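Enquirer: At the far end of the sequence shown sits residue 462, using the numbering used here, and the numbering has no gaps.
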Amino acid sequence: MAGFYEACSPEIVSSPRVIRFNSSLAEALDIHVDPEDAPGIFSGNVIAQNASPLAQCYAGHQFGQFSPRLGDGRAHLLGEVITKRGERFDVQLKGSGRTPFSRGGDGKAALGPVLREYLISEAMWALGIPTTRSLAAVVTDDVVIRETAKPRAVLTRVAASHIRVGTFEYFAARGEVEKVKQLADYAIARHFSELNNREDKYLAFYREVIKRQARLIAQWMSVGFIHGVMNTDNMVISGETIDYGPCAFMDYFSPDTVFSSIDTYGRYAYENQPKIAHWNLAQLGRTLIALVDPESTVAIDKLSEALDAFPAIYEENWIELFGQKIGVADIQDGDQQLIHDLLQVMAVEKVDFTNAFLKLSRFSIDDGKEFLGLFINNDSVKGWIESWVKRISGSSGAVDAACSMMQRVNPIYIPRNHKVEEAIHEAVEEKRFDAFDALLSHIQEPFRNIEGSDSFATPAPEAFFPYVTFCGT
Ligand code: AMP
Ligand code: MG
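Here it is in structure tokens:
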């Protein structure tokens, strides 16, 4: 749609080599590329005949401050693919050169952040969390100047769409109501077609986006994922996780965990993520006022009411997911307290988040020996276990059933920060991908125990902390 993007071409890069190609994703998308053509295509050096690459415009609230013009400063949308099942996806290159939206940036991406996005987005996918995915990673002979010179890389990313909260903000801030409407109509047709004929379709659209975000953030929380830059330009209408920058999975449980070096005040800390999503959704709501009702006070009332439902919808998802993590499927009074009590003892002793739930899920095998072993002072945990066993034992075999449910939802393998760093370091400094491949193969099957793979499920040594991540732009 004209006015929503600028046509522009990727930059030519030197000697592109495909270092990782996601063949199962390619198959699912029905994409067939001759290996000989892959380096050209996935670096942007070669553009398919019928394609017209473009950079999309968007605005966004970054750390609470509004930037009226951001846009794809280092990404080119190549086009869309439609699968056999009729699903439509955007295919985008990231790190493919300057665009009209680059501002002071160089339009490039370094190999490290590209590999990081590849790993973490694949982990999210395997955990069943909506996310953009990585189709290919290409390394080049060019360099990117960051703190030092790094190998330049290009990532091919696949997304349900790239319509961001910030895309709505871009047009709303310019007073272009007709464009906001066009965008909303497009987003509805693409992601919420069932709402198309409703009279209140823009309000219904807002409600659906709220629902998807509430679910998504609860899913992040349930695996200890911290996005790190939840700006409104990094939140998409489709409800996928997008823009993997300084994101990371929490090691030991501490609700105020922040990894990103630029998040000085902890705005995007683990525990703040639901509040921030709520705030971001309020920004989306503001852009829809003129669409919802000609009378702005009426529109604001309706949108506010929809927005006010966010905490309850989030809480419902949170309790469902954390309930499953402790083997409880039918939530009852007292379950929320039970979960909070566990999280509290975990926080006091800074217990590894992933392993606490994993070891608990092996209770039926070892009577909680491994789980208890995670705590130094385990008196308080013993009391908790008693209440938990009481809660899940109803009939014979109930503990076993709860544990098997827990094993299906509590991952063994997540992209542990020290493993991600090791994989990146080896690739960037030694041009080897063994550590990357080994990590990828584990996180692609997070729930299946692999013999001899303890090191992928073990927390980092003390000396690794504190862990800090960088935006990598
Ligand atoms: P991000 O922090 O990656 O979500 O990016 C925020 C904004 O900065 C977006 O408009 C990006 O396109 C832009 N940006 C990030 N890195 C670069 C870069 N190296 N060159 C140009 N623009 C960039
Ligand atoms: Mg972004």
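The beta-carbon is built from N, C-alpha and C at its ideal position, and this holds for glycine as well. A quick note: this is a predicted structure, and the numbers were derived from the prediction, not measured.
For R122, list the residues DSSP reports as bridge partners.
Expert: R122 pairs with V147.
Enquirer: Tell me which same chain residues have a C-beta within less than 6 Å of the C-beta of F445, skipping the five on either side of it?
Expert: Correct list, in chain order: Y402, H431.
Enquirer: Could you give the DSSP three-state label for D130: helix, strand or coil?
Expert: In this structure, D130 counts as strand in the three-state DSSP scheme.
Enquirer: Under 8 Å between the Cβ atoms of H21 and L43?
Expert: Result no, Cβ atoms of H21 and L43 do not sit closer than 8 Å.
Enquirer: From the DSSP output, read off the bridge partner residues of G68.
Expert: DSSP output for G68 lists V80 as bridge partner(s).
Enquirer: Using only CA atoms, which one of Y233, R380, I177 lies nearest to A318?
Expert: Nearest option by C-alpha distance: R380.
Enquirer: For I354, name the three-state secondary structure that DSSP assigns.
Expert: Looking at I354 - three-state DSSP - the assignment turns out to be helix.
Enquirer: When you compare only the Cα positions, how much space is there between L277 and Y254?
Expert: So the two alpha carbons sit approximately 30 Å from each other.
Enquirer: Do R58 and G84 have their beta-carbon atoms positioned less than 8 Å apart in this structure?
Expert: No. Outside cutoff.
Enquirer: Which same chain residues end up closer than 7 Å to F157 when comparing Cβ atoms and leaving out the 5 residues on each side of it in sequence?
Expert: Excluding residues within five positions, the ones whose Cβ falls inside 7 Å are V169, L172, L273, T276.
Enquirer: Can you confirm whether the region 388 to 402 touches the region 419 to 437 when touching is taken to mean that 3 or more C-beta pairs between the two stretches lie within less than 8 Å?
Expert: Yes: at least three Cβ pairs fall under 8 Å.
Enquirer: My guess is that R77 and R196 are in contact by the Cβ rule of under 8 Å, so how many angstroms apart are they, rounded?
Expert: Contact flag wrong, Cβ pair sits at about 23 Å.
Enquirer: For Q321 and S376, what's the separation of their Cα atoms in angstroms?
Expert: Their Cα atoms are separated by approximately 14 Å.
Enquirer: Assess contact between the region 129 to 137 and the region 212 to 226, defined as three or more Cβ pairs (one per stretch) separated by less than 8 Å. Is contact present?
Expert: No, they do not touch.
Enquirer: In chain order, what residues of the same chain have a beta carbon less than 7 Å from the beta carbon of K190, not counting five sequence neighbours either side?
Expert: Only I177, L184 meet the Cβ criterion.
Enquirer: Give the C-beta separation of T246 and Y257 to the nearest angstrom, bearing in mind that I take them to be a contact with Cβ-Cβ under 8 Å.
Expert: Not a contact, Cβ separation roughly 10 Å.
Enquirer: Buried or exposed, going by whether 16 or more other CB atoms sit within 10 Å of the CB of N261?
Expert: Flag for N261 reads buried.
Enquirer: CA-CA distance, A203 and P300?
Expert: Their Cα atoms are separated by approximately 8 Å.
Enquirer: Between V7 and chain E, is any beta-carbon pair separated by less than 8 Å?
Expert: Absent here is chain E; the protein component of the structure consists of one chain.
Enquirer: Would T145 and F31 be called neighbours here (beta carbons separated by less than 8 Å)?
Expert: Against a cut-off of 8 Å, the Cβ pair of F31 and T145 comes out as a contact.
Enquirer: Pop quiz: I206 and Y303 are said to be a contact at Cβ under 8 Å. What is the actual Cβ separation, rounded to whole angstroms?
Expert: Confirmed, Cβ separation roughly 6 Å.
Enquirer: Determine the direct distance from the alpha carbon of C236 to that of N186, and round the result to whole angstroms.
Expert: Rounded to the nearest angstrom, the two C-alpha atoms are 39 Å apart.
Enquirer: In terms of residues, what are the limits of the alpha helix (DSSP H) holding F(-6)?
Expert: First, the amino acid is wrong: residue -6 is Tyr here, not Phe. Segment -6 to -4 is the beta strand (DSSP E) holding Y(-6); no alpha helix (DSSP H) there.
Enquirer: Grab the span of the beta strand (DSSP E) containing I463 for me, first residue to last.
Expert: Limits of the chain in this structure are -10 at one end and 462 at the other, which puts residue 463 out of reach.
Enquirer: Answer yes or no: do F346 and M394 have a C-beta to C-beta separation smaller than 8 Å?
Expert: No, the pair does not count as a contact, with Cβ atoms beyond the cut-off.
Enquirer: Can you look up D245 in the DSSP assignment and give me helix, strand or coil?
Expert: The answer is coil: DSSP assigns D245 none of H, G, I, E or B.
Enquirer: Cβ of N223 versus every heavy atom of the ligand MG: is any distance shorter than 7 Å?
Expert: Checking every heavy atom of the ligand MG against the Cβ of N223, one is found closer than 7 Å.
Enquirer: Name the residue from V198, G53, A115 whose alpha carbon lies nearest to the alpha carbon of A298.
Expert: Checking every option, the nearest Cα to that of A298 belongs to V198.
Enquirer: Identify whether I315 lies in helix, strand or coil by the three-state DSSP scheme.
Expert: Of the three classes helix, strand and coil, the one that applies to I315 here is coil, per DSSP.
Enquirer: Could you tell me how far apart the beta carbons of A149 and E229 are, in whole angstroms, since I believe they sit closer than 8 Å?
Expert: About 6 Å separates the two Cβ atoms, so the contact holds.
Enquirer: For S4, which residues from the same chain have a beta carbon less than 7 Å from its beta carbon, with the 5 sequence-adjacent residues on both sides left out?
Expert: Closer than 7 Å at Cβ, skipping near neighbours: T129, D130.
Enquirer: From V388, P455, F(-7), pick the residue whose C-alpha is nearest to that of E165; which is it?
Expert: The shortest C-alpha separation from E165 is found at F(-7).
Enquirer: With the cut-off set at 8 Å, would you say S243 and A115 are in Cβ contact?
Expert: It is not a contact, given that the beta carbons lie outside the stated cut-off.
Enquirer: Considering only DSSP beta bridges, list what I215 is partnered with.
Expert: Per DSSP, A237.
Enquirer: Leaving out five residues on either side along the sequence, give the residues of the same chain with a beta carbon under 7 Å from the beta carbon of M(-10).
Expert: Once the five neighbours on either side are set aside, the close Cβ partners of M(-10) are Q171, Y175.
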